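Structure, as structure tokens:
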Amino acid sequence: MADVVQRWEMPIRTEDDVILVRRKARMLAQERGFDAFATAALTTAASELGRNALVHGGGGGALIEHLADGTRSGIRITFVDRGPGIADMARVLAGGYSTARSLGLGLSGTRRLVEEFDIESAPGAGTKVVICKWTRY
Amino acid sequence: MNRAVPAPRSLSETLKFDARELNSRRTFFQLSDDDLARLKGLRPFAERHMDDVVEDFYRLILSHPEARRFFPDDETIRRVKRLQRDYFLQLFDGVCDLAYVENRLRVGAAHERIGMAPRWYIGAYRHYLAILLDRITADVPDPAEARASYQSMLRLVGFDMSLAIDAYIAANLDTLGRHQAAIRELSTPVIKVHDHILLLPLVGAIDSERAQQIMEAVLLRVIGEKARAIIIDIAGVPVVDTRVADHLLKTTAAVRLVGGKVILTGISAQVARTIVQLGVDISTMYTVAELSEGIELALGLVGKQISTGAT
Amino acid sequence: MSQRGNIPILRVGSNLLTTIHIDLHDTIAEAFQEDVLVAIKNTGAKGLVIDITGLEEVDTYVARILADTGRMAALMGAHTILVGMRAEVAATLVRMGFAMDTVETALDVDDGLAMLQARKALGRK
Ligand SMILES: Nc1ncnc2c1ncn2[C@@H]1O[C@H](COP(=O)(O)OP(=O)(O)O)[C@@H](O)[C@H]1O
Ligand SMILES: [Mg+2]
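Protein chains in written order, with this note's numbering: chain A, 22 to 158; chain B, 4 to 314; chain C, 93 to 217.
Following this line, the structure appears as structure tokens:
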């Protein structure tokens, strides 16, 4: 089972906060031996979800955790906001749908970049997205 | 840009064995400074018995036919006995710091290299302790003192054993990782056929994991070689279904993003039929039946670019 | 050239060259788009090379800004070539489903500028 080795809580209130989360994820991924492709996948996912929490969710926070299961390192990031939530989850996850006239590929694309993806949201109750990625052998 | 090969690091670093871990490990093995001081006090005892202990130890080990296999000749046996004497004396140095840890970790890694599994040296450590118990009870008249001395040895030897096993596991994983990297390399043999032209003959089934490796390898090579075109020959791919076609399309799109072109060759009549019947749109790809035509097409693409670029 | 953002835009012959070397957050990306369009207007440039060798990650938001910039530039008569995309950035964008189909690409700045020259020689708009 995976242990949490270390954790960092970071606010997401401004664009700069989103960048800080992304940078922290990059630093950690590089330190933990993620290759360039895995690092880009993780940080891009963090960028998408951080921006969603800020733009669609009105701000919130991110929790970054460094995991270890004895042989591999993992990075888990949880994004939480107290915004309006997502009404039509199926449509959003299918991709290409956006209420902000943008591409609508953030959530559907992020899901393809990480090994674990979990989303909880209800109208009015905010949104929580958890992603996790592990080092390859 | 390339996935860098990490510089050789110490084993303690690789295993993230730092001062904190040393502390925690020593606490778990109840290995205190008193134990180390007691062991240091036993240094004369150790020097007195060093040669017999090592001889005794190897008598036991070499009498086991399977264990013997690790020591093929007299030269090897002489060498390991010498190492064993150093190892033995270090137990009575009264020091257990990060340098000591690094030294012990190397022992485990060395065992992995010769294929000696942990069961053998766990057994060997047991022999060791049995011999030490005999000698200490014979040498130290006060039973309480002998017992305390033996306890200290037990703690340090247990501590050593844990390090040897950690190192063995890490070395094993490392070997595994290197094998997998080698297999990956073999499964994407990108060849340079001409300036700015690469060729990747794909052989065997393509699942999504391999497809991702192919994409990554192709992109790195295209950038590394400044290739304008890469020919992917799929004559050796047994089944081309929607998924495989989709992977090829993705690779084509990614190569385009870094500024190169993909030419798909080796398309059999059957593959052509499947692609059309499945309704896969491959109109964005350059496709030809034969590899030779693919190379011609690639030369045309590169040549055209070079000549018009020069005007 | 006068600019809102802090990404330099250089003039190379009848073309513009811009190298993005900083983390693009939303405001900077939008300012960049604005600056590029103003520069095209002021110089009457017929070509634009956007060099993103320095970008370690490009999410769908930034990718869209870049693609849109190319389309807007086209409307103003300048052809855009995106150069220097890193392997891991390309792989990530394609996996996310945004392959930036509308933008022409090249390996590096030299190739990009050579392609613009070739277009000019062919007399294409
Ligand atoms: N944290 C969030 N809170 C509320 N709605 C969200 C959140 N994240 C995503 N959404 C909704 O899902 C849609 C799709 O999101 P995404 O895939 O990231 O694309 P985009 O951000 O381009 O719209 C958004 O337009 C928005 O309606
Ligand atoms: Mg989004």
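Positions of the beta carbon are idealized from the N, C-alpha and C atoms, including for glycine.
If you're wondering where the values come from, they're calculated on a predicted model, not measured in any experiment.
Looking only at C-alpha atoms, which of the options sits nearest to residue i?
i	options	result
T148(A)	L128(A), G117(A), Q51(A)	L128(A)
M218(B)	A213(C), R178(C), A165(C)	R178(C)
R133(A)	S190(B), E105(B), E212(B), R116(B)	E212(B)
A275(B)	E293(B), R259(B), V258(B), L260(B)	E293(B)
I235(B)	E228(B), V206(B), D76(B), R138(B)	V206(B)
L201(B)	A120(B), I226(B), D77(B)	I226(B)
D37(B)	Q154(B), T140(B), T17(B)	Q154(B)
V193(B)	T287(B), V110(B), V221(B), L101(B)	V221(B)
A238(B)	D177(B), G263(B), K264(B), S271(B)	S271(B)
Given 7 Å as the limit, tell me if residue i has its C-beta closer than that to any heavy atom belonging to ligand 1.
i	result
I107(A)	yes
V305(B)	no
D102(A)	yes
A89(A)	no
L185(C)	no
T146(A)	Note that residue 146(A) corresponds to Ala in the displayed sequence, not to Thr. No, the beta carbon of A146(A) sits no closer than 7 Å to any heavy atom of ligand 1.
T120(A)	yes
V240(B)	no
V42(A)	no
G78(A)	yes
V113(A)	yes
L134(A)	no
Would you identify the three-state DSSP class for residue i, choosing helix, strand or coil?
i	result
A208(B)	coil
L45(B)	coil
L102(C)	strand
T145(C)	coil
N5(B)	Any reading at N5(B) must be qualified, since the residue scores a pLDDT of 39, below 50, and its modelled position is unreliable; no value is offered.
P105(A)	coil
Y61(B)	helix
D96(B)	coil
T311(B)	Any reading at T311(B) is ruled out, since the residue's pLDDT is 45, under 50, leaving its predicted position unreliable.
K212(C)	helix
Y103(B)	helix
I190(C)	For the sequence presented, residue 190(C) should be read as Phe rather than Ile. Coil at F190(C), not helix or strand.
Y289(B)	strand
M31(A)	strand
I112(C)	coil
Using only the alpha-carbon positions, how far apart do residue i and residue j sit?
i	j	result
S295(B)	R71(B)	58 Å
I98(A)	T152(C)	19 Å
I266(B)	V291(B)	8 Å
D21(B)	S15(B)	7 Å
L281(B)	T245(B)	7 Å
G189(C)	K253(B)	9 Å
V151(A)	R231(B)	40 Å
V242(B)	M168(C)	47 Å
Q51(A)	E228(B)	25 Å
L158(C)	T255(B)	20 Å
T110(C)	G54(A)	33 Å
K133(C)	R259(B)	29 Å
G312(B)	K195(B)	Because the pLDDT at G312(B) is just 42, under 50, the model does not fix this residue reliably, and the point stays unresolved.
Q216(B)	T65(A)	19 Å
G130(A)	G81(A)	21 Å
List the residues of chain B that residue i touches, going by C-beta distances under 7 Å, in chain order.
i	result
F58(A)	E219
T92(A)	L176
With respect to 7 Å, is the separation between the Cβ of residue i and the closest non-hydrogen atom of ligand 2 below this value?
i	result
G127(A)	yes
E69(A)	yes
N106(B)	no
R72(A)	yes
Just the chain B side, please: which residues come within less than 9 Å of residue i by C-beta, in chain order?
i	result
L185(C)	A256, A257, L260
T111(C)	Those within 9 Å of T111(C) in chain B number zero; the least Cβ separation is about 16 Å.
L140(C)	In chain order: nothing, as chain B lies at least about 16 Å away.
Quick one: list the residues of chain C neighbouring residue i, beta-carbon separation under 7 Å, in chain order.
i	result
T64(A)	E149
R72(A)	Y153
S68(A)	E149, D151
L223(B)	A179
Chain B partners of residue i, CB-CB under 8 Å?
i	result
V175(C)	G262
Considering only heavy atoms of ligand 3, does any lie closer than 7 Å to the CB of residue i?
i	result
H117(C)	Ligand 3 is not part of the structure shown, which contains ligand 1 and ligand 2 as its ligands.
In chain A, what lies closer than 8 Å to residue i by C-beta?
i	result
D118(C)	E36, R72
Q156(C)	The amino acid occupying residue 156(C) in the given sequence is Arg; Gln does not appear at that position. Here the neighbours are S123, L124.
Name the chain A residues whose beta carbon is nearer than 9 Å to that of residue i?
i	result
V181(C)	A61, T65
Whose Cβ in chain C lies nearer than 9 Å to the Cβ of residue i?
i	result
R133(A)	R187, M188, G189
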